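In this note's numbering, the protein residues as written are 13 to 183.
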């Protein structure tokens, strides 16, 4: 299966960039402080633990995100959203991945999940995406559907803080 959009991998170069005609999403949440928090958060993101803790169904044959791995996300057991990992990153202060949509996904676009540790030791989760509706029900959802995407991204930060045991507030 081919991706349903042309700008495959665009989130790797610039989390704030998005192609014309797509809606941007950029949510950043403070996760905590220090190397241990960074490593725990990175593992939770790279191994699907964050998504499973969110209550999202994840079907994949891989235990860890890697380029080319197919992932089907299911929401409420009703919507199946096939994706493929387009890039991963594991560095000393940055770790994460992005997946792109495949045929059958209700949206068209790419979403990245990136954990970073800044120079002062603060750990952040950034969710960045560009998307547009691909199915009739996603188009019918309009602004409400985009609002749900933003709420989901904010929830990712809260859930990840809980997984790594830090009570910092999102910004």
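Positions of the beta carbon are idealized from the N, C-alpha and C atoms, including for glycine.
In this text, all values refer to a predicted model and were calculated from it rather than measured experimentally.
Item: In chain order, each beta strand (DSSP E) run of at least 3 residues that lies wholly inside the segment 17-56; Value: 35-45
Item: Residue from 174, 165, 175 with nearest C-alpha to residue 40; Value: 165
Item: Inter-stretch contact (C-beta, 8 Å, three-pair minimum) for the segment 14-34 and the segment 122-133; Value: yes
Item: Same chain, Cβ closer than 6 Å to residue 147, neighbours up to 5 away in sequence not counted; Value: 118
Item: Alpha carbon of residue 99 to alpha carbon of residue 21, nearest angstrom; Value: 7 Å
Item: Closer than 7 Å to chain C by CB, residue 63; Value: The question asks about chain C, but that chain is absent: this structure has only one protein chain.
Item: Rounded distance between the beta-carbons of residue 57 and residue 127, thought under 8 Å; Value: 5 Å
Item: Backbone secondary structure at residue 144 - three-state DSSP; Value: strand
Item: Nearest-angstrom Cβ-Cβ length linking residue 66 and residue 175, presumed shorter than 8 Å; Value: Contact doesn't hold; Cβ gap of about 10 Å is too wide.
Item: Own chain, CB closer than 6 Å to residue 108, minus 5 neighbours either side, in chain order; Value: 57, 101, 125, 126, 127
Item: Residue 114, DSSP secondary structure in three states; Value: coil
Item: Residue 130, buried or exposed, once every other Cβ within 10 Å from all chains shown has been counted against 16; Value: exposed
Item: Beta-carbon proximity check, residue 27 vs residue 163, cutoff 7 Å; Value: no
Item: Exposure label - residue 137; buried when at least 16 CB within 10 Å; Value: buried
Item: Of the listed residues 95, 78, 79, 80, nearest to residue 86 (C-alpha basis); Value: 95
Item: CB contact flag (residue 71, residue 59, <7 Å); Value: no
Item: Sequence-distant residues of its chain with Cβ nearer than 6 Å to residue 159 (five each side left out); Value: none
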